[in-house]
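> As they're listed, the protein sequences go chains W and P.
Heads up: take any position in the first sequence, counting from 1, add 1064, and you land on my numbering.
Heads up: take any position in the second sequence, counting from 1, add 5, and you land on my numbering.
Note that CB positions come from ideal geometry on N, CA and C, so glycine has one too.
I have a structure here, written as structure tokens, and I will follow up with some questions on it.
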Amino acid sequence: MIYSALADRIRKNQPVALLTVIDGPNTGATFLVAPDQDKIETLGSLGDNELDRVASRDALGELEAGRTSVRNYGPSGQVTPEDLQDTPIVRVFVESFSPPPQMIIFGAVDFTAALARVAKVLGYYVVVCDAREVFATKRRFPMADEVLVTWPTPVLTDRGPNLGARDAVCILTHDPKFDVPAIQGSLATSVGYIGVMGSRKTHAKRLERLAEVGISKPQDLARLMSPIGLDIGSRTPEETAISICAEIIGKRVGRIVPSLSNSDGPIHK
Amino acid sequence: MREILGDIDRWRTQKKRIAVARVVDIEGSGPRDPGAAMAVNEDGEVCGSVSGGCVEGAVVAEALEILKSDSPGRLVKFGYSDDEAFAVGLTCGGTVHLFIQPLTW
């Protein structure tokens, strides 16, 4: 029963946490915790009502952070070191299943197909968006979860509030009509990665146009990864896709990686 | 877990008994993060993985043992230490803690 509910939520990309007692009283006990609007939906038990209450609250926090970890409690949910003295310890494995991170790709070009493919390998929910009906087709991007024929502004107004640190926006258009609103809209979100394709020259011109619409704060411009990707000498769309995704990973975990946007000199040698 | 749901569903339809092994903790270097999962059915069929192939064989043996013994599940540790020089371990030198339990829930 718990397994079916778990599998169902995972498949629907709905957040759910699976809690299991891995050591101590009631080892093997299983408890499912899922946020349901303002309420918490639960199934099963760790063997004690109070423990269930405390652990389910903690599980919601772990889910929000997308974290999976082991937590220690007393048999009735005690958590402070004083309360945990002289009690058996219940070790609970809290496994978070968060919806997959999203990647929104603006521009339906050859690079888009390669990037969408690599992003799918990494587990992203991939959205491809272009205003040109002939290019933005499901047939050209069968790997994408959604293909939208529209402009960046409505997409980012609609989905922007849901974008967070794990998500990415990649702007591959090279076209000012499209670039500028896509950058503007992305900067208004908390998205963790904004990559913008184009040569150093293109980006310099783009910065001028961004300044014209009032985007010039250093902290905003610093969020734009352009030229996009790592300096690994990528040539083909596939190699470029790898370099973009590697940059996204490095940025997400806070590593210093050789981004093209941090270097100068030719992109292709 | 996501990637093994299909196999587990199939085994459940076939009324097979199933054990699930999940990485719950890693010390030092380890190939898979907590949450990595594999499942073993009573016939010894396997899906998923919990390491880079280093400990899966031993996990299958443990899982079959747990299915036979009606255990509610237990923690199993794989890693190198002086007194376990010949035990199965991770070649990367880390220690992986797994929880293996029957899928009765």
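Looking at the C-beta of P:Phe83, does it have a partner C-beta in chain W at a distance below 8 Å?
Taking the first residue of the second sequence as position 1, residue 83 of chain P is located at position 78. Closer than 8 Å: no.
> Measure from the C-beta of W:Asp1087 to each C-beta in chain P and report whether the shortest distance is under 8 Å.
As a position in the first sequence, residue 1087 of chain W is number 23, starting the count at 1. It does: the Cβ of W:Asp1087 has a partner Cβ on chain P nearer than 8 Å.
> Going along the stretch 56 to 85 of chain P in order, which residues come within less than 9 Å of chain W, judged by CB to CB distance?
Ser76, Pro77, Gly78, Arg79, Leu80
> Just the C-alpha distance for P:Ser54 and W:Phe1242, rounded to the nearest angstrom, thanks.
Along the second sequence, one-based indexing puts residue 54 of chain P at 49. Along the first sequence, one-based indexing puts residue 1242 of chain W at 178. Rounded to whole angstroms, P:Ser54 to W:Phe1242 spans 43 Å at the Cα level.
> Taking the continuous alpha helix (DSSP H) assigned at W:Val1182, which residues delimit it?
Mapped onto the first sequence, residue 1182 of chain W falls at position 118. Segment 1174 to 1185, the alpha helix (DSSP H) holding W:Val1182.
> Along chain P, in chain order, which residues have C-beta atoms closer than 7 Å to that of W:Tyr1067?
Translated into the one-based positions of the first sequence, residue 1067 of chain W becomes position 3. Per Cβ cutoff of 7 Å: Leu108, Trp110.
> Please list the partners that W:Gly1108 has in chain P, where partner means a Cβ-to-Cβ separation under 7 Å.
The sequence position of residue 1108 of chain W within the first sequence is 44, counting from 1. Those are Trp110, listed as they occur along chain P.
> W:Tyr1257: which of W:Ser1280, W:Leu1227, W:Gly1278, W:Val1213 sits nearest, CA to CA?
Taking the first residue of the first sequence as position 1, residue 1257 of chain W is located at position 193. Out of W:Ser1280, W:Leu1227, W:Gly1278, W:Val1213, W:Leu1227 has the C-alpha closest to the C-alpha of W:Tyr1257.
> So the candidates are W:Ala1119, W:Val1080, W:Val1219; which of them puts its Cα closest to the Cα of W:Ser1250?
Within the first sequence, numbered from 1, the residue matching residue 1250 of chain W stands at position 186. Closest option to W:Ser1250, Cα to Cα, is W:Val1219.
> List the residues of chain P whose Cβ lies closer than 7 Å to the Cβ of W:Gly1138, in chain order.
As a first step, residue 1138 of chain W is located in the first sequence; it is residue number 74 there, counting from the start. By Cβ distance, chain P contributes nothing, its closest Cβ being about 19 Å from W:Gly1138, past 7 Å.
> Kindly list, in the order they appear in chain P, the residues whose Cβ is closer than 7 Å to that of W:Ser1120.
For the purposes of this step, residue 1120 of chain W is taken as the residue at position 56 of the first sequence. Neighbours of W:Ser1120 on chain P: none; closest Cβ ~16 Å, over 7 Å.
> Quick check: the stretch 1259 to 1268 of chain W against the stretch 1285 to 1304 of chain W, are at least 3 beta-carbon pairs closer than 8 Å?
yes
> Sorted by chain position, which residues of the same chain lie with C-beta nearer than 6 Å to P:Asp12's C-beta, five sequence neighbours on each side aside?
The residue labelled residue 12 of chain P in the question sits at position 7 within the second sequence. Hits under 6 Å: Cys52.
> On the three-pair Cβ rule with 8 Å, is the stretch 1207 to 1217 of chain W touching the stretch 1181 to 1196 of chain W?
yes
> Starting from W:Val1211, follow the beta strand (DSSP E) in both directions and report where the run begins and ends.
Walking along the first sequence from the start, residue 1211 of chain W turns up at place 147. 1210 to 1213 is the span of the beta strand (DSSP E), which, as asked, contains W:Val1211.
> Flag this pair as touching only if the stretch 1085 to 1092 of chain W and the stretch 1149 to 1165 of chain W have three or more C-beta atom pairs under 8 Å; answer yes or no.
yes
> Interface residues of chain P around W:Ser1133 at Cβ under 8 Å?
In the first sequence, residue 1133 of chain W corresponds to position 69, counting from 1. The contacting residues are Pro39.
> Mapping DSSP to helix, strand and coil, what is W:Gly1293?
Numbered from its first residue, the first sequence carries residue 1293 of chain W at position 229. It is coil, neither helix nor strand.
> With a threshold of 16 other CB atoms inside 10 Å of the CB of P:Asp87, please say whether the residue is buried or exposed.
In the second sequence, residue 87 of chain P corresponds to position 82, counting from 1. Here the model assigns P:Asp87 a pLDDT of 46, short of 50, so the residue's position is not dependable and the matter cannot be decided.
> Taking the Cβ atom as the reference point for each residue, do P:Ala68 and P:Ala24 lie within a distance shorter than 8 Å?
Translated into the one-based positions of the second sequence, residue 68 of chain P becomes position 63. Translated into the one-based positions of the second sequence, residue 24 of chain P becomes position 19. Their beta carbons are under 8 Å apart, which means P:Ala68 touches P:Ala24 by this criterion.
> Report yes or no: do the stretch 29 to 43 of chain P and the stretch 1297 to 1306 of chain W share at least 3 C-beta pairs separated by less than 8 Å?
no
> So within the stretch 28 to 92 of chain P, which uninterrupted alpha helix (DSSP H) runs reach at least 4 residues, ignoring any that extend past its ends?
61 to 74
> Apart from the five residues just before and just after W:Ser1120, which ones in its own chain have a Cβ nearer than 6 Å to its Cβ?
The residue you call residue 1120 of chain W lines up with position 56 of the first sequence. The answer, listed in chain order, is Val1097, Ile1104, Thr1106.
> Buried or exposed, going by whether 16 or more other CB atoms sit within 10 Å of the CB of W:Asn1326?
Translated into the one-based positions of the first sequence, residue 1326 of chain W becomes position 262. Label assigned to W:Asn1326: exposed.
> Which of helix, strand or coil does DSSP assign to W:Glu1159?
Start at 1 with the first residue of the first sequence, and residue 1159 of chain W comes out as number 95. Here W:Glu1159 sits in strand by DSSP.
> If you draw a straight line from the alpha carbon of W:Ile1335 to that of W:Thr1176, how long is it in whole angstroms?
Residue 1335 of chain W cannot be examined here, being either before or after the span of chain W that is shown, 1065 to 1333.
> Measuring only the C-alpha atoms, how far is P:Gly33 from P:Gly84?
Counting from 1 along the second sequence, the entry for residue 33 of chain P is found at position 28. Counting from 1 along the second sequence, the entry for residue 84 of chain P is found at position 79. Using only the alpha carbons, I get a separation of about 10 Å.
> Assuming W:Val1134 contacts P:Val29 (C-beta within less than 8 Å), just tell me the rounded distance between them.
As a working note, residue 1134 of chain W is residue 70 in the first sequence. As a working note, residue 29 of chain P is residue 24 in the second sequence. At roughly 6 Å, the Cβ-Cβ gap stays under 8 Å, so W:Val1134 and P:Val29 are in contact.
> Would you mind working out which of W:Leu1124, W:Val1173, W:Ile1247 sits nearest W:Val1233, comparing C-alpha positions?
Mapped onto the first sequence, residue 1233 of chain W falls at position 169. If we check each option's Cα against that of W:Val1233, W:Ile1247 comes out closest.
> Does the distance from the C-beta atom of W:Thr1094 to that of P:Trp16 stay below 8 Å?
Your numbering for residue 1094 of chain W matches position 30 in the first sequence. Your numbering for residue 16 of chain P matches position 11 in the second sequence. In this structure, P:Trp16 does not lie closer than 8 Å to W:Thr1094 by Cβ.
> Between W:Ala1069 and W:Arg1181, is the Cβ-Cβ spacing less than 8 Å?
Along the first sequence, one-based indexing puts residue 1069 of chain W at 5. Along the first sequence, one-based indexing puts residue 1181 of chain W at 117. No.
> So is W:Pro1048 buried or exposed if we call it buried at 16+ other beta carbons inside 10 Å?
Since the displayed chain W opens at 1065 and closes at 1333, residue 1048 of chain W lies outside it and no answer follows.
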